[in-house]
Structure formats: structure tokens, C-alpha cells
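Chemist: Per the working numbering, the sequence shown runs over residues 483 to 772. Before I ask anything, here is the structure I am working with.
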Amino acid sequence: MSPTAAWIGLGVMGYPMAGHLKSKGGVPVTVFNRTAEKAARWAGQFKDKAAPTPAEAAKGADFVFACVGNDDDLRQVTIGKDGAFQAMKKGAVFIDHTTASADVARELHAVAAAKGLGFVDAPVSGGQAGAENGVLTVMCGGEEGDFTKAAPLIAHYSRMCRLLGGPGSGQLAKMVNQICIAGLVQGLSEGINFGMKAGLDMEAVIEVISKGAAGSWQMDNRHKTMIADKFDFGFAVDWMRKDLGICLAEANNNGASLPVTALIDQFYADVQKMGGRRWDTSSLIARLRK
Ligand SMILES: NC(=O)c1ccc[n+]([C@@H]2O[C@H](COP(=O)([O-])OP(=O)(O)OC[C@H]3O[C@@H](n4cnc5c(N)ncnc54)[C@H](OP(=O)(O)O)[C@@H]3O)[C@@H](O)[C@H]2O)c1
483 MSPTAAWIGL
493 GVMGYPMAGH
503 LKSKGGVPVT
513 VFNRTAEKAA
523 RWAGQFKDKA
533 APTPAEAAKG
543 ADFVFACVGN
553 DDDLRQVTIG
563 KDGAFQAMKK
573 GAVFIDHTTA
583 SADVARELHA
593 VAAAKGLGFV
603 DAPVSGGQAG
613 AENGVLTVMC
623 GGEEGDFTKA
633 APLIAHYSRM
643 CRLLGGPGSG
653 QLAKMVNQIC
663 IAGLVQGLSE
673 GINFGMKAGL
683 DMEAVIEVIS
693 KGAAGSWQMD
703 NRHKTMIADK
713 FDFGFAVDWM
723 RKDLGICLAE
733 ANNNGASLPV
743 TALIDQFYAD
753 VQKMGGRRWD
763 TSSLIARLRK
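Pasting the structure below:
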């Protein structure tokens with residue numbers, strides 16, 4: 483018999499991910515979204531059910547997925563009033579795709595275990611396009627048995643999904659991902675800004691250097707819009723500041739030095755002051771043009 487699922491959080495990421503689970507995977511999915519119209523729209527589009535609370539969505543499901551904003555949102559939809567943990571059946575697995583702290587993942591893993599539930603922290607990388615095209619990268623932490631059960635379902639919207647350690651390890655891996663991106667986007671911004679000031683045809687320059695050692699996902703996917711000064715899409719600066727805050731707090735605990743990450747976090751604070759809270763993270767270049 484096909485497993486059943488619930489999905490909590492139908493934002494830019496969750497909406498298409500839940501859609502793939504239903505349409506590609508053939509998994510029956512009951513959705514919950516705080517703003518109910520979005521849940522009704524999803525249920526209409528994918529011909530399945532919407533529930534009025536996380537608990538009602540989660541009742542009887544074998545797997546409960548979430549993709550909400552931050553630690554507090556995640557606590558609210560799991561252990562808060564009408565949270566999913568109240569209603570999940572024993573043996574069911576909760577898979578969290580929110581980018582959150584490793585601490586909240588460990589905390590919720592322990593609460594889930596005490597109730598006989600599984601919990602896998604599974605933040606994603608690949609952005610809106612990755613979610614829409616079902617080709618996300620998923621970094622997981624938790625128990626091997628829970629991961630093994632969840633992985634075939636996650637495969638419907640990912641092309642890379644791996645268990646990287648115990649509870650919280652997925653979130654720690656996502657922090658590594660964000661630390662690597664932060665400095666890289668600043669370097670790309672400085673390179674493009676420099677080239678434009680030098681009077682170079684930057685489209686042509688990028689076509690050449692992207693095939694060499696400077697190439698990156700950010701260069702391939704963002705150079706055109708960075709040159710054109712367009713940022714009204716993609717991964718929001720507000721989300722990036724949330725993520726970098728999580729990285730800096732974790733580094734405070736484990737003693738890692740993050741000087742560039744701390745600096746870029748401040749640069750993003752400048753972009754927020756310029757009105758760029760919902761701009762894509764490639765808007766670091768806008769700061770150089772002010
Ligand atoms: N966007 C990206 O490119 C990207 C890439 C990788 C990772 N992420 C991460 O994925 C997560 C979701 O991102 P997103 O871009 O999909 O965000 P989003 O479009 O803002 O969606 C957030 C979702 O969470 C729901 N939500 C927020 N707070 C809630 C609460 N307290 N109770 C119940 N529901 C709540 C929202 O409901 P409403 O509809 O009612 O607001 C919405 O469905 C974030 O942790 C983000 O950092 C995003």
C-alpha cells in the first residue's frame with residue numbers, strides 16, 4: 483500500500499515540493515498552510531485535501547513534511563497548539579525541510595523520540611528553481627532507520643539526498659553550504675562590478691571565465707541578472723541573514739572562526755537598509771553601486 487503524507491508550509495519551496503510528492507510520487511498528501519487560501523489552491527491544483535491545522539493534516543499520516551520559516555515557526559507547527567506531534571501515529575516520521583538551527587533539530591528529535599516518532603532534519607539547497615524542477619540537494623540528520631524510510635519519498639523532488647550524521651547534522655551541513663556561498667557571492671559581485679567599471683563586455687567575460695577555475699553555480703545562474711541590476715526573485719536577503727545568524731551562533735559554540743561570513747552578514751544588513759529585504763542574495767552587488 484502507498485504511504486500517506488501530510489505537508490505543512492506551502493511557501494515558495496514547500497508548494498512545488500509537495501506538488502512533486504503527489505504528482506510524481508503518487509503519494510496521497512494532506513496539506514496545511516497558515517494562510518488557508520494557499521492550501522485550498524494547492525488542493526485544487528493537485529486534487530488532494532487541505533486541513534485547517536497541522537495536527538489535523540498529520541493525523542494518520544505515515545510521513546509528515548514541513549517547510550516553514552525559522553526555529554519558532556517550526557516549534558509552533560510541531561509542539562505548539564494544534565501542532566503535528568499531538569496527532570502523529572506511533573512510528574510515523576517527521577521530515578523537516580526548514581533551514582533552522584541544529585539545536586532545534588536536536589530538541590525536536592528528542593521530543594519526537596519520546597513519543598515514538600521519527601524526526602529527520604533535512605534542509606535543502608537549490609532554490610526556487612530547484613524546488614520547481616524537483617532537483618534539490620537535501621542534507622539529512624537523524625536515525626538511519628528513519629532516513630531509509632523517508633529517502634524514497636524525498637527522491638521525488640531531489641537529485642541528491644544523503645544522511646550526514648545524527649540529529650542536527652543536516653542543519654550543520656546546510657550551515658557549511660551557506661558559509662561557502664556568502665563569501666563567494668561577494669567575490670562575484672566585486673568581479674562583475676570591477677569588470678563593468680573597466681568597460682568590459684561582462685556577458686562575454688563570464689562566458690569565458692565560467693569555464694575555468696572561477697566558475698560556480700552563482701556565476702552560471704546569477705551573472706546575467708547581476709549585470710542587469712535585477713534582484714526581484716530568488717533567495718531573499720532576509721532568509722540569508724537568518725541563515726548567517728544561525729551559522730554565527732553555531733560558530734560561537736564550536737569555536738570556528740568565520741570572519742568573512744560575519745562581514746558579509748553586515749553587508750546584507752546594508753542591503754536590507756537599501757530596501758532589499760526580499761531581493762535575491764546576488765544583490766550584494768547593488769551595495770557596490772550605491
Ligand atoms: N526560497 C529559497 O530559495 C530557499 C532555498 C533553500 C532553503 N530555503 C528555506 O526554506 C524555508 C522556506 O522558505 P520559502 O522560500 O518557501 O519561504 P516562504 O515562501 O516565505 O514560505 C514560508 C512558509 O512557512 C509558513 N509559515 C511561516 N511561519 C509559520 C508559522 N509560524 N506557522 C505556520 N506556518 C508558517 C508560511 O505560511 P504563510 O503562507 O501563511 O505565510 C509559508 O507557507 C526557509 O527556512 C528558507 O530559509 C529557502
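Idealized CB from N, CA, C, for every residue including glycine.
Would you kindly report the start and end of the unbroken alpha helix (DSSP H) that includes MET756?
Modeler: Unbroken run through MET756: none, as it is neither H nor E.
Chemist: Can you round the beta-carbon distance between LEU635 and ALA487 to whole angstroms, since I take them to be within the 8 angstroms contact cut?
Modeler: So it is a contact: roughly 7 angstroms between Cβ atoms.
Chemist: Taking 8 angstroms as the cut-off, decide whether the C-beta atoms of HIS591 and PRO649 are in contact.
Modeler: Yes. Within cutoff.
Chemist: Are there 16 or more other CB atoms within 10 angstroms of the CB of ARG723, so buried, or fewer, so exposed?
Modeler: Buried.
Chemist: Regarding ASN515 and ligand 1, is the C-beta to nearest heavy atom distance less than 7 angstroms?
Modeler: Yes, the Cβ of ASN515 comes within 7 angstroms of a heavy atom of ligand 1.
Chemist: Whole angstroms is fine: what's the gap from ILE561's alpha carbon to PHE567's?
Modeler: Answer to the nearest angstrom: the Cα atoms are 6 angstroms apart.
Chemist: Measure the CB-CB distance between ALA537 and ASP564 and report whether it falls below 8 angstroms.
Modeler: Yes. Within cutoff.
Chemist: Take the Cβ of GLN748 as the centre, count every other Cβ of all protein chains shown within 10 Å, and call the residue buried at 16 or more, exposed below.
Modeler: By the 10 Å Cβ count, GLN748 comes out exposed.
Chemist: Indicate whether CYS662 and CYS643 have their beta-carbon atoms separated by less than 8 angstroms.
Modeler: No, the pair does not count as a contact, with Cβ atoms beyond the cut-off.
Chemist: Opposite THR619 in the DSSP bridges: which residues?
Modeler: Per DSSP, SER607, MET642.
Chemist: Are the region 623-632 and the region 599-610 touching by the rule of at least three beta carbon pairs closer than 8 angstroms?
Modeler: The region 623-632, when compared against the region 599-610, does touch it at the 8 angstroms Cβ threshold.
Chemist: Hey, how far is the Cα of PHE676 from the Cα of SER764?
Modeler: Spanning the two alpha carbons is a distance of roughly 15 angstroms.
Chemist: Is it buried or exposed for ARG704, if we count other Cβ within 10 angstroms and need 16 for buried?
Modeler: ARG704 comes out buried.
Chemist: Is ASP578 helix, strand or coil when you go by DSSP?
Modeler: The answer is strand: DSSP assigns ASP578 an E or B state.
Chemist: Looking at C-alpha atoms only, which residue of ALA768, GLN668, GLN610 is the closest neighbour of ALA710?
Modeler: Of ALA768, GLN668, GLN610, the residue nearest in Cα terms is ALA768.
Chemist: Would you tell me roughly how many angstroms separate the C-alpha atoms of GLN527 and ALA695, rounded to the nearest one?
Modeler: Roughly 44 angstroms between the two C-alpha positions.
Chemist: Please name the residue in LEU645, GLY697, ASP683, ASP585 whose C-alpha comes closest to that of LEU670.
Modeler: Minimum Cα distance to LEU670 is reached at GLY697.
Chemist: Sort out for me which residues DSSP pairs VAL546 with in a bridge.
Modeler: DSSP output for VAL546 lists ALA488, PHE576 as bridge partner(s).
Chemist: Among VAL559, GLY573, ALA632, whose alpha-carbon lies nearest the alpha-carbon of LEU848?
Modeler: Given that the chain is displayed from residue 483 to residue 772, the structure contains no residue 848 and the question cannot be resolved.
Chemist: Compare the beta carbon distance of ALA525 and PHE545 with 8 angstroms and say whether it is the shorter of the two.
Modeler: Contact: no.
Chemist: Just the C-alpha distance for ARG759 and LYS656, rounded to the nearest angstrom, thanks.
Modeler: Near 21 angstroms, if we compare the C-alpha coordinates of LYS656 and ARG759.
Chemist: Answer yes or no: does any C-beta atom of chain B fall closer than 8 angstroms to that of GLN700?
Modeler: Absent from the structure is chain B; it holds one protein chain and no more.
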